[in-house]
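Student:
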Ligand code: ANZ
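Residue numbers (the UniProt record's numbering): 1 to 809.
1) Assuming residue 57 is part of the beta strand (DSSP E), what are its boundary residues?
2) Unbroken beta strand (DSSP E) runs of length 3 or more, entirely within the UniProt domain "Methionyl/Leucyl tRNA synthetase" (43 to 175): which are they?
3) So what does DSSP say about residue 641, is it helix, strand or coil?
4) Using the Cα positions of residue 819 and residue 780, report the straight-line distance between them to the nearest angstrom.
5) Is residue 572 close to the ligand ANZ? I mean its beta-carbon at under 7 Å from any heavy atom of the ligand.
6) Roughly how many angstroms lie between the CA atoms of residue 624 and residue 366, to the nearest whole one?
7) Cα-Cα, which of 30, 650, 137 and 285 is closest to residue 453?
8) Can you pull the DSSP bridge partners for residue 199?
9) Run through DSSP, which three-state label would residue 733 get?
10) Any heavy atom of the ligand ANZ closer than 7 Å to the Cβ of residue 239?
11) Do residue 754 and residue 805 count as a contact pair if the criterion is CB distance below 8 Å?
12) List, from N- to C-terminal side, the alpha helix (DSSP H) runs of 4 residues or more that fit wholly inside the region 546 to 600.
13) Would you report the Cα separation of residue 426 and residue 201, rounded to the nearest angstrom?
14) Buried or exposed for residue 374, please, with buried defined as at least 16 other CB atoms from any protein chain shown within 10 angstroms of its CB.
15) Looking only at its chain, what residues have a beta carbon closer than 8 Å to the beta carbon of residue 279, apart from the 5 residues adjacent to it on each side?
16) Between the Cα of residue 462 and those of 732, 471, 434 and 765, spot the shortest distance and give me the residue it belongs to.
17) Is the beta carbon of residue 416 within less than 7 Å of some heavy atom of the ligand ANZ?
18) Go through its chain and collect everything with a Cβ distance to residue 1's Cβ below 6 Å, but skip five positions before and after it.
19) Just how far apart, CA to CA, sit residue 756 and residue 807?
20) According to DSSP, is residue 344 part of a helix, a strand, or is it coil?
21) Using a 10 Å radius around the Cβ and a threshold of 16 neighbouring Cβ atoms, would you call residue 491 buried or exposed?
22) Quick check: the Cα distance between residue 350 and residue 380, rounded to an integer number of angstroms?
23) Going by C-alpha to C-alpha distance, which of 515, 339, 173 and 305 sits closest to residue 232?
24) Inspect the beta-carbon positions of residue 677 and residue 65 and report whether they are closer than 8 Å.
25) Expressed to the nearest angstrom, what Euclidean distance is found between the alpha-carbon atoms of residue 141 and residue 429?
26) Taking 5 Å as the limit, tell me which residues put their C-beta closer than that to any heavy atom of the ligand ANZ, in chain order.
27) So which of 319, 655 and 690 has the shortest CA-CA distance to residue 644?
28) Which one or two residues does DSSP pair with residue 36 in a beta bridge?
29) Less than 8 Å between C-beta atoms, sequence neighbours within five positions excluded: which residues of the same chain meet that for residue 537?
30) Which class does residue 409 belong to by DSSP, given the choice of helix, strand or coil?
31) Starting from residue 329, trace the beta strand (DSSP E) both ways and give me its first and last residue.
32) Bridge partners of residue 265, per DSSP?
33) What is the DSSP secondary structure of residue 361, counted as helix, strand or coil?
34) Tell me whether residue 237 is buried or exposed, calling it buried when 16 or more other Cβ atoms sit within 10 Å of its Cβ.
35) With a cut-off of 8 Å, do at least 3 Cβ pairs link the region 506 to 514 to the region 461 to 480?
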């Protein structure tokens, strides 16, 4: 099939687009807002491995959509860049001594080449990389804005620390294994360690991050994951007296209606009262228990399936509703980081409390039932129902009981209504070299001072060794000349630079804004340009970013919005997640399985157009699908057939009606499907069309030109080449999209049902408007009807044209 010279064609058009800047876009104020579109891809981390076949999937989808929109007359912003700070380059530097900037920039060059070899229509004048000082100057600038607003603060908190990697890891970067917690990267042991960290107060935005989801056109599954991650719970904080002590034990509960059933209390091993209230007799057991708990992760501790463990403190609390003395236990299923770090246990109505009570023989009192009557419980009854055994509140349905009890609690000063979020503040520092330095210094005897805006960026110094110091500090801590400086207030006092760096998420929180104005050295982006393009109309990327990146970026954007720096309070109006591409064997692609498909090889052998089109033809964009070499051949054969047709004589004669109908149906289907991102079915329709016209020896121009335009977003190189062969001097990139004639797309064939005595017995495929007599003849000659009528007499036939033939016997 060598007659389709894809290599030559693809190189030619890629060079053409680049040198003519075909896809660079300028703001034109005469274009109305609704005619502008911002279509964004999740920018890649430039890994040493280069592009994998998952990248072109999302990138092809947005490229098709952008090319289509341009032909529809839209002004389209479609940029690309690199998320170029990150751990792999630093780890590589530790072993080889090569500066992370050097490897990162090599990788970027490789990525750019690979991306360009796929013919994507990015505006390369807007390319950015998050590791450049011109970029991270603004990341630092935004951090200072947050610091000024009180949204960035320092805290000493227990974090996952990996000795081997020499860094703190986020919860999501830690795996629970039978050998204990391990780093996701490299499988090294990790431990809990209290360290001073920079934190961002994302919790202050919890409610708005929740509410904002309602107006977004995002997959429901992603919204659900964000809601769950934020985890809003409503209930009350209630104070219990501790027998023999001044202090109260405060708990958070979402079920204040079950207070009469609280038969014991449980506090977290880290709870500040543990030491105080533990009796002499229990000291040793408590100490041992706490040591064990420290080795577990939150996930492990709260795992429902896990066998409950615990230890009695020896102390008692007083249930403020029953006045009963109830024992205070310690258990690791209570997290110090949630609510108040203590609970009232209601074993009759909470699964974990039930298990715990069964194991340690604690009393179980039912206080809610389905019908207001007590029953024999064999497990916790966790549903809502009617309160029982609850004094004056008995007989109330759960919702009402909650409200009444909360009012009672507030009136009697036992506590107050409370809301809790699972969302925690964002640990925003890493003990690494290859990241954005914090623009702050620690002044001797005076704490933190911001570096003045005029001195930004605070650039990364050159270092000799990238190895972490092992004390939990970043390699930057070892560079005295950089660390030691003077206080920015001019007081002449000694100051030390912050040696932590920002996490990789920082740069990706706002990169979509820098594309708007990438060379501006006065602002991160001008107001006009933000106003012109924002918000992003379509954002495409992997579902693995469901919470972290997509939640962090939304938070960051809301902060900028509150500062009056952006014009919308949400950055990404519509989100689409491409499905994962699995190996030919149906397994996730991985080096160790040996099932990785390399896009470079495919491009070399079959061309970028074949790869693009194949990835779109595999199935709906959002679903997970396995690679199929056969499928790739199929698409390549299709493009070869298209190429061969383009080599036939083009004639100016009027096409046959049947071919015109085929064309207009194709225009209609490809238009609708491209508009709704249903690329696989659009391609199937183009294939049908090619089969329908393939037997023509000469091709009427009227049948060919529109097809070339329809194909262009999908296989732009071959389309441009064929367009040129048709005699056009200019790229088709901005040529108007073909129109269809609705009349030519209406199906002529219709289905008429045949009934016998009102029961449907057969269906006839006929031409629309077949005359009554012909319909009756057709019905009576139908095989099934003939059989059914064999020995019957037909009394009457009632026929409604285009609809029904009813035979009465
Ligand atoms: C009494 C009770 C009775 C509860 C009942 C539940 C059911 P969410 O929805 O996750 O917010 N809880 C409170 N703080 C906790 C902590 N630090 N660690 C572990 N568990 C904690 O759940 C809130 C419920 O989880 C609270 O309501 C509390 O148990 C428990 F029939 O209080 B409940």
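Even glycine gets a Cβ: it sits at the ideal position worked out from N, Cα and C.
Fair warning: this is a prediction, and the values are worked out from it, not measured in the lab.
Tutor: Let me lay it out:
1) Annotation for residue 57: no beta strand (DSSP E) segment contains it, though the alpha helix (DSSP H) segment containing it runs 54 to 71.
2) Complete beta strand (DSSP E) runs here, min 3: 75 to 77, 152 to 162 and 167 to 169.
3) Note: residue 641 maps to helix in three-state DSSP.
4) Residue 819 cannot be examined here, being either before or after the span of the chain that is shown, 1 to 809.
5) Outside the cutoff, so no.
6) In a straight line, the C-alpha of residue 624 is about 47 Å away from that of residue 366.
7) Comparing Cα-Cα distances from residue 453 to each of 30, 650, 137 and 285, the minimum goes to 137.
8) The partner list for residue 199 (beta bridge, DSSP) reads 153 and 427.
9) For residue 733, the secondary structure class from DSSP, reduced to helix, strand or coil, is helix.
10) No - the ligand ANZ has no heavy atom lying nearer than 7 Å to the Cβ of residue 239.
11) Taking the C-beta atoms as reference points, residue 754 is found nearer than 8 Å to residue 805.
12) For the alpha helix (DSSP H) assignment, the uninterrupted runs of no fewer than 4 residues enclosed by the region 546 to 600 are, from N- to C-terminal side, 548 to 562.
13) Straight across, the Cα-Cα distance linking residue 426 with residue 201 is about 7 Å.
14) Per the 10 Å Cβ criterion, exposed.
15) Non-local C-beta neighbours of residue 279 in its own chain, meaning closer than 8 Å and more than five positions away in sequence, comprise 313, 314 and 315, ordered along the chain.
16) Taking only the C-alpha atoms, the option nearest residue 462 is 434.
17) Because no heavy atom of the ligand ANZ lies under 7 Å away, the Cβ of residue 416 does not count as near it: no.
18) A caution first: residue 1 carries a pLDDT of 43, below 50, which makes its placement in the model too unreliable to give a value.
19) Rounded to whole angstroms, residue 756 to residue 807 spans 5 Å at the Cα level.
20) Of the three classes helix, strand and coil, the one that applies to residue 344 here is strand, per DSSP.
21) Classification for residue 491: exposed.
22) A direct Cα-Cα distance of roughly 6 Å separates residue 350 from residue 380.
23) Of the listed residues, the one whose Cα sits closest to residue 232 is 339.
24) By the CB criterion at 8 Å, residue 677 and residue 65 fall inside the cutoff.
25) Distance between the alpha carbons of residue 141 and residue 429: 16 Å.
26) Here the residues come out as 233, 252, 253, 254, 255, 258, 334, 335, 338, 339, 343, 346, 349 and 350.
27) Per the Cα distances, 690.
28) Residue 36 pairs with 75.
29) 37, 38, 39, 573 and 574, listed in sequence order.
30) In the structure shown, residue 409 sits in a helix (DSSP, three-state: H, G or I).
31) According to the DSSP assignment, residue 329 belongs to the beta strand (DSSP E) that extends over 325 to 330.
32) Residue pairing by DSSP puts residue 265 in a beta bridge opposite 328 and 344.
33) Correct three-state label for residue 361: coil.
34) The residue in question, residue 237, is buried, as its Cβ has 16 or more Cβ neighbours within 10 Å.
35) No contact exists between the region 506 to 514 and the region 461 to 480.
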